[in-house]
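Student:
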Amino acid sequence: MDDVTSLAFLTSVLAAAIPAATAILYACLGELLCERAGILNLGVEGMMLMGALGGFAVTVWTDRAWLGALAALGIGAAFGALHAVLTVPIGANQVVSGLALTLFGAGLSAFLGRDLVGRAAPDSFGRLHVPLLGDLPELGPILFRQNALVYLSYALVPALWFFVYRTRPGLHLRALGENPGTADALGLPVAALRVAYVVAGGALAGLGGAVISLATNPGWTENVTAGRGYIAVALVIFAGWNPLRAAFGAYLFGAVEAGQFRLQGAGVPISSFFLNMLPYLFTVAALVLASRPAARRRIGAPAALGQAYVREERA
Amino acid sequence: MASAIPSPRLERRAAPSAVASAVVPFVAVALALVAGGIVLWAAGEPPVAVYRAMLDGAVGSRDGVAETLVKTIPLLLAGLGVAVAFRMRLWNIGAEGQLYLGAVAASGTALYVLPDAPAAVLIPAMILAGMAGGAVWAAVPALLRARLQVNEIITSLMLNYVAILFAEYLVHGPWRDPVGFGFPGTPRFPDAAELPQWGTTRVHLGLAFGLAAAGILWLVLGRTRWGYEIAVAGTNARAARYAGLPTARNILLVMALSGALAGLAGMSEVAGIGHQLQRSFSPGYGYTAIIVAWVGRLHPGGVALVAFLLAGLLVGGDALQMELGLPAAVAPMLQGAILFFLLGGEALARYRVTWRRPTPIPGGPAPVVEPG
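Just so you know, the protein sequences line up as chains A and B, in that order.
So for the first sequence, this note's numbering puts the first residue at 1; every next one is plus one.
So for the second sequence, this note's numbering puts the first residue at 316; every next one is plus one.
#1: Compare the C-alpha of A:Q307 against each of A:V88, A:G46, A:L53, A:V13 and name the closest.
#2: State the CB to CB distance for the pair A:P291 and B:Q464, rounded to an integer number of angstroms; the pair is presumed to be in contact (CB under 8 Å).
#3: According to the neighbour-count rule (16 or more other Cβ atoms, all chains shown, within 10 Å of its Cβ), is B:G530 buried or exposed?
#4: Which runs of the alpha helix (DSSP H) at least 4 residues long sit entirely within the stretch 179-247 of chain A? Give them in chain order.
#5: Is there contact between the stretch 414-429 of chain B and the stretch 474-488 of chain B, where contact requires at least three CB pairs shorter than 8 Å?
#6: Quick one: any contact between the stretch 433-445 of chain B and the stretch 626-634 of chain B, if contact means 3 or more CB pairs under 8 Å?
#7: Would A:T283 count as contacting chain B if we go by Cβ distances under 8 Å?
#8: When you compare each of B:N407, B:R328, B:L641, B:I442 to B:A453 by their alpha carbons, which one comes out closest?
#9: Using a Cβ cut-off of 7 Å, pull out every chain E residue sitting near B:T470, in sequence order please.
#10: For B:G521, which of B:A507, B:V451, B:L579 has the nearest alpha-carbon?
#11: Which residues in the same chain have their Cβ closer than 6 Å to the Cβ of B:P502, if we skip the five residues on either side of it in sequence?
#12: Comparing alpha-carbon positions, which option in A:R174, A:Y154, A:S153 lies nearest A:F163?
#13: Quick one: is A:I270 buried, meaning 16 or more other Cβ sit within 10 Å of its Cβ, or exposed?
#14: Using a Cβ cut-off of 8 Å (strictly closer), state whether A:M277 contacts chain B.
#15: Output the distance between the C-alpha atoms of A:A303 and B:A644, rounded to the nearest integer angstrom.
#16: Beta-carbon of B:L463 versus every beta-carbon of chain A: anything under 8 Å?
#17: At least one CB of chain B closer than 8 Å to the CB of A:F125: is that the case?
#18: Select from A:N147, A:R245, A:H129 the residue whose C-alpha is nearest the C-alpha of A:G140.
#19: Which runs of the alpha helix (DSSP H), 4 residues or longer, sit entirely within the stretch 457-520 of chain B?
#20: Using the rule of at least 16 other Cβ atoms within 10 Å of the residue's Cβ for burial, across every protein chain shown, is A:A255 buried or exposed?
#21: How about A:G219 and A:R119: are their beta carbons less than 8 Å apart?
#22: Ordered along the chain, which non-local residues of its own chain (more than five positions away) have a Cβ less than 6 Å from that of A:A239?
#23: Quick one: which residues of the stretch 201-230 of chain A get their C-beta closer than 9 Å to a C-beta of chain B? List them in chain order.
#24: So which residues on chain B does A:V233 lean against when the C-beta distance must stay under 7 Å?
#25: What are the partner residues of B:E326, as DSSP defines its beta bridges?
#26: Could you please give me the residues that DSSP links to A:H129 through a beta bridge?
#27: Could you tell me which residues DSSP puts in a beta bridge with B:Q593?
#28: So does the stretch 74-83 of chain A actually touch the stretch 182-192 of chain A, counting three or more Cβ pairs closer than 8 Å?
#29: Evaluate contact between the stretch 30-46 of chain A and the stretch 99-107 of chain A, counting only Cβ atoms and requiring at least three cross-stretch pairs below 8 Å.
#30: Can you check whether the C-beta of A:N41 is within less than 8 Å of a C-beta belonging to chain B?
#31: Buried or exposed: where does A:L73 fall if 16 or more other Cβ atoms within 10 Å of its Cβ makes it buried?
#32: Should A:L7 go down as buried or exposed, given a rule of 16 or more other Cβ atoms within 10 Å for buried?
#33: Roughly how many angstroms separate the alpha carbons of B:A548 and B:R556, rounded to a whole number?
#34: So, with DSSP's three-state summary, where would you put A:L10?
#35: Going by C-alpha to C-alpha distance, which of A:T167, A:P169, A:A226, A:I237 sits closest to A:E257?
#36: Report all residues from its chain with a CB closer than 7 Å to the CB of A:T283; omit the five preceding and five following residues, and keep chain order.
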């Protein structure tokens, strides 16, 4: 039995936490853009599943994992577009449309992937040891011996933070979700921008799915995401719609997930069924914390989140 | 630039057109079947043969119809539960977990609390236990929402995973049948715990529970003050607050009722079909119930009709698996597609297409293009 209090154990948990978190992180960043624009998309799970399947299928056909990742971006974007069309120009109920997207994506991916279950991946994103940084004690194995999609996410998080809080288009994005009427009055194409952000969010969710099927567990099985899409939605709230906090939340979540497997491996005498509950219970706890009045005042949700914008109905 | 050709324009109606509202669900189902057919065809499966096999499996024989009725029961009960919550705009998507907890509570009652009781005592006790189990599980997100404004969508969904893992723990661990031949499940219930079945079919008394629940809900929602309060809170939360309606209390009551109905669905599955608690006894009934509720227009009668239709889809999907070796996932795929087309259609029913000739005013502003 490993010593679960040793530094080596902690390092191995954190090194496994980062890739486990990256799938959720991409999906979370995508949902963050979408919600900042005022559109709630509960279809993340379905878009991740389609991205995971599409990415894996393209990799099987082309023998190239990076083509699979690109395909996952495209497929996620296409499914995001479905939600965007229903909720922005048509103004359908965002909650139900998102749920429909999840059910549709889960069913479609299970059907289309029927011949890919159990297929070995011809190519995947393996670990890349970053020279020098990868040799740092503790930090090296945790942060710099990961796959390429993890490194891409390291760049994406600060880039999105800068975009949202420090650029003019980022300001416009926040206006879309806070007060689309004002954004409209400023001359912004509200509907077109909202569609674009929902599509971009879908692309990132698709890529998040591909992290699972092309990097962390290369391959395809039905429902391989196991609720991670919904966890990503919850983390957006936990993160207060801030990309940096989203990364923090995702890594915390990854640590819970990885720690649960390591604890089982270490022979901790708690039933694995209870350890498996931890990520879900952790999500509920995180939401409760994020919903405290003090936290709520500080990080408030986009005011127009979930509301269709129709110009004639402006209050 | 200004052409004389009339251009179509979407105009918003004050209320959805009555004709469109009635026609939209049928059009949605038809379009979903067409879209699903295209997917099937693209995947190299003959759509007509697939649909025929599904229809045959679902309603083509006495056994098929009976099996469709069997699957109608959990969809009807859980669908009614989801519909009650959605009426108040409480997005309870935890019906699956509530169903599991109801089944767990009912199983515990039959196996460990009242194992020697006669049916006249045991079955009502299991009904109460099942409803209480579901209600308690739904009360968690309800309390968090009512007291702390925690989003109930995510919490109710996360608790699904917890409930399913808890049931798995029980059937693999303390409740496991010692002579179960490696199949994770509890021992078989005492005979008194079995719901009576109709003739030689598997259709059981749960169908009566479902129909009774639909009737009672129709009365409560449509004919009582409380039903009216829920409708007001659902359509206009601000008006409900100004009218002094007890919002927090109604959130709790509605969610508990919603969970109790899902719990009753779980109870009737284990008492009517499984006669033991097995792992993954529900193929996602709680999720399908969301579609049942929405496509049924959150109306008890509509829910009953749609529960039967979607049960047929599930049975048809199973038939596909057996006869053509296709994954049963064709059924959820079609369900998702139906929901999509219904949503699009519902929203479009609020618009009317008018043809108008653009009449540009010389020197005036260009015609405003509406965003949607």
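Beta carbons: idealized from backbone N, C-alpha and C, even for Gly.
Tutor: Once the coordinates are examined:
#1: As a working mapping, residue 307 of chain A is identified with position 307 in the first sequence. Closest by alpha carbon: A:V88.
#2: Working through the first sequence from its first residue, we reach residue 291 of chain A at position 291. Working through the second sequence from its first residue, we reach residue 464 of chain B at position 149. In the sequence under discussion, the amino acid at residue 291 of chain A is Ser, which differs from the Pro named in the question. Rounded, the Cβ-Cβ distance is 6 Å, consistent with contact.
#3: Here the question's residue 530 of chain B lines up with position 215 in the second sequence. Exposed is the call here.
#4: 180-185, 190-211, 228-238
#5: yes
#6: no
#7: Position 283 of the first sequence, counting from 1, holds the residue named residue 283 of chain A. Chain B, which has a Cβ nearer than 8 Å to the Cβ of A:T283, makes this yes.
#8: Translated into the one-based positions of the second sequence, residue 453 of chain B becomes position 138. Checked all of B:N407, B:R328, B:L641, B:I442; the closest Cα to B:A453 is B:N407.
#9: In the structure shown, chain E does not exist; the protein chains are A and B.
#10: By 1-based counting over the second sequence, the position of residue 521 of chain B is 206. Measuring from the Cα of B:G521, the nearest candidate turns out to be B:L579.
#11: Mapped onto the second sequence, residue 502 of chain B falls at position 187. Excluding residues within five positions, the ones whose Cβ falls inside 6 Å are D492.
#12: Your numbering for residue 163 of chain A matches position 163 in the first sequence. When each option's Cα is compared against that of A:F163, the closest is A:R174.
#13: Here residue 270 of chain A refers to the residue found at position 270 when the first sequence is read from its first residue. By the neighbour-count rule (16 or more Cβ atoms within 10 Å), A:I270 is not buried but exposed.
#14: Here residue 277 of chain A is taken as the residue at index 277 of the first sequence, counted from 1. So, interface residue.
#15: As a working mapping, residue 303 of chain A is identified with position 303 in the first sequence. As a working mapping, residue 644 of chain B is identified with position 329 in the second sequence. Spanning the two alpha carbons is a distance of roughly 38 Å.
#16: As a working note, residue 463 of chain B is residue 148 in the second sequence. Judged by the 8 Å Cβ criterion, B:L463 is in contact with chain A.
#17: Within the first sequence, numbered from 1, the residue matching residue 125 of chain A stands at position 125. No, no contact with chain B.
#18: Numbered from its first residue, the first sequence carries residue 140 of chain A at position 140. For A:G140, the nearest C-alpha among the options comes from A:H129.
#19: 467-487
#20: Locating residue 255 of chain A in the first sequence gives position 255, where the first residue counts as 1. With 16 or more Cβ atoms within 10 Å of its Cβ, A:A255 is classed as buried.
#21: The count along the first sequence starts at 1 and reaches residue 219 of chain A at position 219. The count along the first sequence starts at 1 and reaches residue 119 of chain A at position 119. Yes. Within cutoff.
#22: On the first sequence, position 239 is the one that residue 239 of chain A refers to. Counting only Cβ-Cβ distances below 6 Å, and skipping sequence neighbours, we find R245, A246, G249.
#23: E222, A226, G227, Y230
#24: Along the first sequence, read from residue 1 onward, the residue named residue 233 of chain A stands at position 233. Per Cβ cutoff of 7 Å: I469.
#25: For this step, residue 326 of chain B is matched to residue 11 along the second sequence. According to DSSP, which records beta bridges pairwise, B:E326 is partnered with B:R667.
#26: Here residue 129 of chain A refers to the residue found at position 129 when the first sequence is read from its first residue. Looking at the DSSP assignment, A:H129 forms a beta bridge with A:R145.
#27: As a first step, residue 593 of chain B is located in the second sequence; it is residue number 278 there, counting from the start. Per DSSP, B:G500.
#28: no
#29: yes
#30: Against the first sequence, residue 41 of chain A aligns to sequence position 41. False, the Cβ-Cβ gap to chain B never drops below 8 Å.
#31: Residue mapping note: residue 73 of chain A aligns to position 73 of the first sequence, counting from 1. Buried, because 16 or more other Cβ atoms sit within 10 Å of the Cβ of A:L73.
#32: As a position in the first sequence, residue 7 of chain A is number 7, starting the count at 1. When all chains shown are included, A:L7 counts as exposed.
#33: For the purposes of this step, residue 548 of chain B is taken as residue 233 along the second sequence, with counting starting at 1. For the purposes of this step, residue 556 of chain B is taken as residue 241 along the second sequence, with counting starting at 1. Roughly 8 Å separates the two Cα atoms.
#34: As a working note, residue 10 of chain A is residue 10 in the first sequence. Helix, per DSSP.
#35: By 1-based counting over the first sequence, the position of residue 257 of chain A is 257. When each option's Cα is compared against that of A:E257, the closest is A:A226.
#36: Residue numbering aside, residue 283 of chain A sits at position 283 when the first sequence is read from its first letter. I231, A234, listed in sequence order.
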